[in-house]
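Student:
Number of protein chains: 2
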Amino acid sequence: MIGRRGLLATAGVLAAAYAMPAAAQEVVEKRVFEAGAFQTRGGATIKNTRIGYQTMGRLNAAGDNAVLICHFFSGNSQAFGRLSANGPAGYWDAIIGPGKAIDTDHYFVVSADTLVNVNVPDANTVTTGPASINPDTGRPWGMSFPVIAMRDFVEVQKKLLDSLGVKRLALVAGPSNGGLQSIEWAAAYPDFVQRVMPVISAEIDAWMQGWLDIWEAPIRLDPNWREGDYYGQGREPPLRGLAEAWKIVTLHARDRPWARQFDRKLPEGQDPARRIGDRFAIEKWLDDAALARARTSDANSFLYMVRANQLFLNDYPDLSTAMQGAARRWLVVPAPTDRVFLLEGVREFVDVLQKAGKQVEVAEVGGTLGHLNGVVGMAPLTERIRGLLAQ
Amino acid sequence: MIGRRGLLATAGVLAAAYAMPAAAQEVVEKRVFEAGAFQTRGGATIKNTRIGYQTMGRLNAAGDNAVLICHFFSGNSQAFGRLSANGPAGYWDAIIGPGKAIDTDHYFVVSADTLVNVNVPDANTVTTGPASINPDTGRPWGMSFPVIAMRDFVEVQKKLLDSLGVKRLALVAGPSNGGLQSIEWAAAYPDFVQRVMPVISAEIDAWMQGWLDIWEAPIRLDPNWREGDYYGQGREPPLRGLAEAWKIVTLHARDRPWARQFDRKLPEGQDPARRIGDRFAIEKWLDDAALARARTSDANSFLYMVRANQLFLNDYPDLSTAMQGAARRWLVVPAPTDRVFLLEGVREFVDVLQKAGKQVEVAEVGGTLGHLNGVVGMAPLTERIRGLLAQ
Chain F
1 MIGRRGLLAT
11 AGVLAAAYAM
21 PAAAQEVVEK
31 RVFEAGAFQT
41 RGGATIKNTR
51 IGYQTMGRLN
61 AAGDNAVLIC
71 HFFSGNSQAF
81 GRLSANGPAG
91 YWDAIIGPGK
101 AIDTDHYFVV
111 SADTLVNVNV
121 PDANTVTTGP
131 ASINPDTGRP
141 WGMSFPVIAM
151 RDFVEVQKKL
161 LDSLGVKRLA
171 LVAGPSNGGL
181 QSIEWAAAYP
191 DFVQRVMPVI
201 SAEIDAWMQG
211 WLDIWEAPIR
221 LDPNWREGDY
231 YGQGREPPLR
241 GLAEAWKIVT
251 LHARDRPWAR
261 QFDRKLPEGQ
271 DPARRIGDRF
281 AIEKWLDDAA
291 LARARTSDAN
301 SFLYMVRANQ
311 LFLNDYPDLS
321 TAMQGAARRW
331 LVVPAPTDRV
341 FLLEGVREFV
351 DVLQKAGKQV
361 EVAEVGGTLG
371 HLNGVVGMAP
381 LTERIRGLLA
391 Q
Chain Z
1 MIGRRGLLAT
11 AGVLAAAYAM
21 PAAAQEVVEK
31 RVFEAGAFQT
41 RGGATIKNTR
51 IGYQTMGRLN
61 AAGDNAVLIC
71 HFFSGNSQAF
81 GRLSANGPAG
91 YWDAIIGPGK
101 AIDTDHYFVV
111 SADTLVNVNV
121 PDANTVTTGP
131 ASINPDTGRP
141 WGMSFPVIAM
151 RDFVEVQKKL
161 LDSLGVKRLA
171 LVAGPSNGGL
181 QSIEWAAAYP
191 DFVQRVMPVI
201 SAEIDAWMQG
211 WLDIWEAPIR
221 LDPNWREGDY
231 YGQGREPPLR
241 GLAEAWKIVT
251 LHARDRPWAR
261 QFDRKLPEGQ
271 DPARRIGDRF
281 AIEKWLDDAA
291 LARARTSDAN
301 SFLYMVRANQ
311 LFLNDYPDLS
321 TAMQGAARRW
331 LVVPAPTDRV
341 FLLEGVREFV
351 DVLQKAGKQV
361 EVAEVGGTLG
371 HLNGVVGMAP
381 LTERIRGLLA
391 Q
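Chains as they are written, first to last, in the UniProt record's numbering: chain F, 1 to 391; chain Z, 1 to 391.
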């Protein structure tokens, strides 16, 4: 049985186990970008915005060999490399590095932590969000932090890329929430972005807005949430509610074949056929994994991350309009057994791109993990990614 | 926009709108079956078990023209007919009645409320469960009610059929949880059951056990739940938690095309791009629908209903073994866009039946509603159902 690990850790470990490259792993340095005052799409100003980032490879003189990787809902900038020689590899390390699909001998690869990143307790994540100190009050923002849209993620990243001297992105890519950021990038900066590779993502329609609400609902139910006012001494964070929220994400992001290991299994001492409070094996695993993940994340940030996703392409009246003027070259990567971004939805998204005259290819990512295949199963797509970059 | 209606009401109304039969609606009488003392599969005894039921048509002298219809998770015995001349029609009224697919001019059709039925506040639902009075204490059982397995549903129904003089079932059928009961019936009484029609259902594997746990989790998070001890004066039921639970079921049981009516819509006065507490249109609809459903159901019963589902075929080591000795003739009806019982799972179930040498046909039920297609979209399958009954 799989041990107690959070989503982030699981993804890293699985990537290492499934796709360990022969080449030596690269050690990357986590840096902080001080974005200063930032005006959100919603009209608010955050005075001291900062996010973490990391890079690999070298920017060329023209500034046009850059690749931006955007992270998934629960991830951070560590898409590639290790933060120390013995640390875990980044979630897409199998396709990013010297000689790999996104070859850092030729490309300058950048990845940043988003605003309202959920991994607040993680020393290697640097973000600005509801757990940050509001300079006007000296106390954590909590739910008074401004609403952040997906487009705001893009705008802060744009400032970062400008500060690094990037003039053009050869590629913007990412899985899930990272794919949504990539699509938002393609709409916002069509001339700046040469190629787009959204993986396990498609439009956030009302169906997905509803599911995102279901993900977050347990946080608001937890009496410890206190309308977001749980920071500070003597207060308990809404750990149970946050764990239930992660439980939904954890199962939703996987698939039936993964769950087979738990079929007809009971945890030691548990007898759910006789005691209503007892657990089945999959329940116990989800309880443990979700609680571990709750301990390394922040509940309010989860709520803001949900909202940012719900506000995908919110500057546009609809998806077709957003894609009309967007970047031209696309490699769209669905996981056919994805239970979050259903294959039907990805197909509709590809239709919209084609009707908008884009140059679109589709490559499926396989595996037994459903949605998570797009995080841990990308190595077999190496030639497709090289092909995209060669166009 | 769809108004405020619970699942049960929605299903009834949709059935009426989509498939109103030309024939006059039949008025049926709701009756009570006193099953007396009942021993559960878990080894407990319930002294005074009772369930509601209804019938249409006449049992023949041989007692072998009976059909049993089993209800879905949130349903009750009203699969067919109206309880009063102007009342709503049963959820499968389009296929059950005089001259319909399951023709009550020829068949004696029975449908019963399950044990631990969730519709406790509904005067037309009669059930025994955690909200019932424990005769040993004179107080509601709450979470001291014995665990009920899917097989217990079958055993109480068997007592009811015996009391009615039924010697053989020409067909046992039902949607979702009703399909699971049908499969359990086929395994438990292979000689008593001639034909089986499970609709939008398949095995409850660990994947589904996990999802069922996610459905119920908000109830346990609600501080008003109090470990199930919320009955009686001065206590509030866990309405918020129960509503969140129904919200998950409500969205899970639908599909993307249904949600399109909410795309890019905002409820009046709501501005979720600027206010973190504000709602999108689909969230508002789900909030309202789920709260209405919570007011007409019981939280503890929801927990027990989940457990009964998780204990599907729990008397057998695995599905293949359970199906080896099961009834022979099957019509399996998946909804291809079902997001609860995924099409892949139904296909695996059909494979198991075929390997066990059963005579199996498959008929898909279409529509825009995903899982709910199997409740409201059955009329087009009329000839397939007639064909099954003619075999």
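C-beta: ideal position from N, C-alpha, C; glycine also.
For ALA23/F, is the classification buried or exposed, using 16 other Cβ atoms within 10 angstroms of its Cβ as the cut-off for buried?
Tutor: Any reading at ALA23/F is ruled out, since the residue's pLDDT is 46, under 50, leaving its predicted position unreliable.
Student: Can you grab the Cα-Cα spacing for the pair residue 393/Z / LEU180/Z, in whole Å?
Tutor: Residue 393/Z lies beyond the range of chain Z shown here (1 to 391); nothing can be said about it.
Student: Which chain Z residues sit within Cβ distance under 7 Å of LEU251/F?
Tutor: Within chain Z, the residues near LEU251/F are GLY210, TRP211 and ILE214.
Student: For ASP222/F and GLY377/Z, I'd like the C-alpha separation in whole angstroms.
Tutor: If you take the alpha carbons of ASP222/F and GLY377/Z, they lie about 38 Å apart.
Student: Do ARG195/Z and LEU388/Z have their C-beta atoms closer together than 7 Å?
Tutor: Result yes, Cβ atoms of ARG195/Z and LEU388/Z sit closer than 7 Å.
Student: Out of ALA101/Z, LEU115/Z, ARG31/Z and ALA62/Z, which has the shortest C-alpha to C-alpha gap to MET306/Z?
Tutor: Strictly speaking, residue 306/Z in this sequence is Val, with Met absent from that position. For VAL306/Z, the nearest C-alpha among the options comes from LEU115/Z.
Student: Ignore the nearest five residues each way along the sequence and tell me which others in ASN134/Z's own chain have a CB closer than 6 Å to its CB.
Tutor: Contacts found: TRP141.
Student: What's the call for ARG384/Z, buried or exposed, on a 16-neighbour Cβ count within 10 Å?
Tutor: Under this definition ARG384/Z is a buried residue.
Student: What residues of chain Z sit near VAL147/F, judged by a beta carbon separation below 8 Å?
Tutor: The contacting residues are PRO272, ALA273, ARG274, ARG275 and ILE276.
Student: When the cut-off is 7 Å and only beta carbons count, does MET143/Z lie next to chain A?
Tutor: The structure shown contains no chain A; its protein chains are F and Z.
Student: Can the beta-carbon of VAL199/F be found closer than 7 Å to that of VAL333/F?
Tutor: Yes; because the gap between Cβ atoms is below 7 Å, this pair is in contact.
Student: Do you know offhand how far GLU348/Z's Cα is from GLY57/F's?
Tutor: Between GLU348/Z and GLY57/F, the C-alpha separation is close to 48 Å.
Student: Report the CB separation of ARG31/F from GLY63/F in whole angstroms; it is logged as a contact under 8 Å.
Tutor: Contact flag wrong, Cβ pair sits at about 18 Å.
Student: Compare the C-alpha of LYS355/F against each of ILE282/F, PRO238/F, THR321/F and THR128/F and name the closest.
Tutor: Taking only the C-alpha atoms, the option nearest LYS355/F is THR321/F.
Student: With a 10 Å radius around its C-beta and 16 neighbouring C-beta atoms as the bar for buried, classify residue 406/F as buried or exposed.
Tutor: For chain F, the structure presents residues 1 to 391; residue 406/F sits outside this window and is missing.
Student: Let me know the beta strand (DSSP E) ranges lying completely inside the segment 34 to 73 of chain F, each 3 residues or longer, listed in chain order.
Tutor: Within the segment 34 to 73 of chain F, the complete beta strand (DSSP E) runs of at least 3 residues are 45 to 56 and 66 to 69.
Student: Of the residues ASP315/Z, PHE341/Z and GLU34/Z, which one's Cα is nearest the Cα of ALA188/Z?
Tutor: Checking every option, the nearest Cα to that of ALA188/Z belongs to ASP315/Z.
Student: In angstroms, rounded to a whole number, what distance separates the CA positions of THR10/Z and LEU311/Z?
Tutor: Reliability of the predicted coordinates at THR10/Z is poor, the pLDDT of 44 falling under 50, and the value obtained from them is presented with this limitation in mind. Spanning the two alpha carbons is a distance of roughly 28 Å.
Student: Among residues of its own chain, excluding the 5 on either side of ASN117/F, which ones have a beta-carbon nearer than 7 Å to its beta-carbon?
Tutor: Correct list, in chain order: ASN76, THR125, THR127, GLY129 and SER301.
Student: Taking C-beta pairs closer than 9 Å, name the residues in chain Z that LEU286/F reaches, listed in chain order.
Tutor: Chain Z residues near LEU286/F: GLY210, ASP213 and ILE214.
Student: How would you label LYS247/Z, buried or exposed, when you count the other beta carbons within 10 angstroms and need 16 or more for buried?
Tutor: That one is buried.
Student: In three-state DSSP terms, what is ASN119/F?
Tutor: Here ASN119/F sits in coil by DSSP.
Student: With 16 other CB atoms within 10 Å as the buried threshold, where does PRO317/Z fall?
Tutor: With fewer than 16 other Cβ atoms within 10 Å, it is exposed.
Student: Span of the beta strand (DSSP E) holding GLY87/Z?
Tutor: That residue, GLY87/Z, is in no beta strand (DSSP E); it is neither H nor E in DSSP.
Student: Below 7 Å between beta carbons: does that hold for HIS371/Z and ALA206/Z?
Tutor: No, the Cβ-Cβ distance between HIS371/Z and ALA206/Z is not below 7 Å.
Student: Just the Cα atoms here: how many angstroms apart are LEU239/F and PRO237/Z?
Tutor: Looking at the two C-alpha atoms, the distance is approximately 23 Å.
Student: Can you give, in chain order, each stretch of the alpha helix (DSSP H) that sits fully within the segment 317 to 380 of chain F and has at least 4 residues?
Tutor: Runs of the alpha helix (DSSP H) inside the segment 317 to 380 of chain F: 319 to 324, 343 to 355 and 373 to 376.
Student: Would you identify the three-state DSSP class for ALA173/Z, choosing helix, strand or coil?
Tutor: ALA173/Z falls in the strand class under three-state DSSP.
Student: What do you get for GLU244/F, buried or exposed, if any count of 16 or more other CB atoms within 10 angstroms of its CB means buried?
Tutor: GLU244/F comes out buried.
Student: 7 Å is my cut-off, CB to CB: does ASP263/Z come that close to chain F?
Tutor: Chain F, which has a Cβ nearer than 7 Å to the Cβ of ASP263/Z, makes this yes.
Student: If distances are taken between C-alpha atoms only, which option among ALA61/F, ILE96/F, ALA37/F and ASN48/F comes closest to PRO380/F?
Tutor: With distances taken between Cα atoms, PRO380/F lies closest to ILE96/F.
Student: Any idea what DSSP makes of ILE248/Z, helix, strand or coil?
Tutor: Looking at ILE248/Z - three-state DSSP - the assignment turns out to be helix.
Student: Based on DSSP bridge pairs, tell me the residues matched to ILE96/Z.
Tutor: The partner list for ILE96/Z (beta bridge, DSSP) reads ILE102/Z.
Student: Taking only three categories from DSSP, how would you classify ALA390/Z?
Tutor: Residue state, collapsed to three classes: helix.
Student: Restricting to runs no shorter than 3 residues, where is the beta strand (DSSP E) found entirely within the segment 179 to 207 of chain F?
Tutor: Listed in chain order, they are 195 to 199.
Student: In chain Z, which residues lie less than 9 Å from ARG151/F when you measure between Cβ atoms?
Tutor: By Cβ distance, chain Z contributes nothing, its closest Cβ being about 10 Å from ARG151/F, past 9 Å.
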